[in-house]
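First residue of the sequence shown: 1, per my numbering; consecutive thereafter.
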Amino acid sequence: MIWLTDKLVFPPYKDTSKEGIIALGGDLSVDRLIVAYSNGIFPWYCDGEPIVWYCPFKRMVLFPKNLKISKSMRKVIRNNTFEITENKAFEEVIYNCKSVNRKDEFGTWITDEMEQAYINLHKKGVAKSIEIWQDSVLVGGLYGVEVGAVFCGESMFSKVSNASKLAFIHLVKTKKYKVIDCQVYNDHLASLGAKEIDRDGFLAILKGKKNPE
């Protein structure tokens, strides 16, 4: 396994392990994270471990036209019970993503180091958040990293039913992004219309060499 140095470069994609690991170590500086996400690489590791960088061979993505909204969610949207904002409470969102127990939703194990790193990215205008409010209380949301027309989703949380799902639907329906990168497969994302594509296809879209389907 290749360990990163102070240089802001990652190994060639061919060096990725069968588990999707491309490198270990390095740091979570703003510059390194920007280089990583611009190349389809993201950190995912547990507290006390070295930083593990992934670039899986299969990528879970959602193309906006494939978004599935259930009848029950359409009713939630029509009822207009929640207030939705963007980038109004990023630090609260990532804190809740770190602290609130989540069922099968996309995200990472968020260490203190990662929390601060994404806050730093947000201050640079690279990391973004969606917030869901009920009676002026933050009850759900998500955050991720913007790479051109791709939104790389990192984590979401809910304190009441459907809040995180509403944040995800809002993100897709803003029409700001051609692709929502959900990183790895799970059933929750599949139910919303996300699917796996091969890494080469994802990287071509990310780098503007291919139009989304």
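Cβ atoms here follow ideal geometry from the backbone N, Cα and C, with glycine treated the same way. Owing to the predicted nature of the structure, the values given are computational and were not obtained by experimental measurement.
Check                                                                                                                                                                      : Outcome
Compute the distance between the beta-carbons of Thr16 and Cys46, then report whether it is under 8 Å.                                                                     : no
Taking the alpha carbon of Asn162 as the reference point, which residue from Lys123, Ile22, Val76 has its own alpha carbon closest?                                        : Val76
Taking only the alpha-carbon atoms, compute the straight-line gap between Val93 and Tyr177 and give it to the nearest angstrom.                                            : 20 Å
Between the stretch 179 to 186 and the stretch 77 to 97, do three or more beta carbon pairs fall short of 8 Å?                                                             : no
Under a three-way DSSP split, which group does Lys195 fall into?                                                                                                           : strand
Please specify which runs of the alpha helix (DSSP H), each continuous and at least 4 residues long, are wholly inside the stretch 49 to 135, giving them in chain order.  : 71 to 79, 90 to 99, 112 to 123
Starting from Val184, follow the alpha helix (DSSP H) in both directions and report where the run begins and ends.                                                         : Note, Val184: premise wrong, no alpha helix (DSSP H); not H, not E.
Spatial neighbours of Glu146 within its chain, please: C-beta separation below 7 Å, excluding the five flanking residues on both sides.                                    : Val126, Lys128
If you compare alpha carbons, which of Ile197, Lys210, Leu171, Arg199 is closest to Pro64?                                                                                 : Leu171
Could you please give the first and the last residue of the uninterrupted beta strand (DSSP E) stretch that includes Tyr143?                                               : 137 to 147
Excluding the 5 residues preceding and the 5 following Val139 in the sequence, name in chain order all residues of the same chain whose CB lies nearer than 6 Å to its CB. : Ile132, Lys159, Val160, Ala163
Using only the alpha-carbon positions, how far apart do Pro11 and Glu83 sit?                                                                                               : 43 Å
Which stretch, first to last residue, makes up the beta strand (DSSP E) that contains Asn10?                                                                               : According to the sequence as given, residue 10 is Phe; it is not Asn. That residue, Phe10, is in no beta strand (DSSP E); it is neither H nor E in DSSP.
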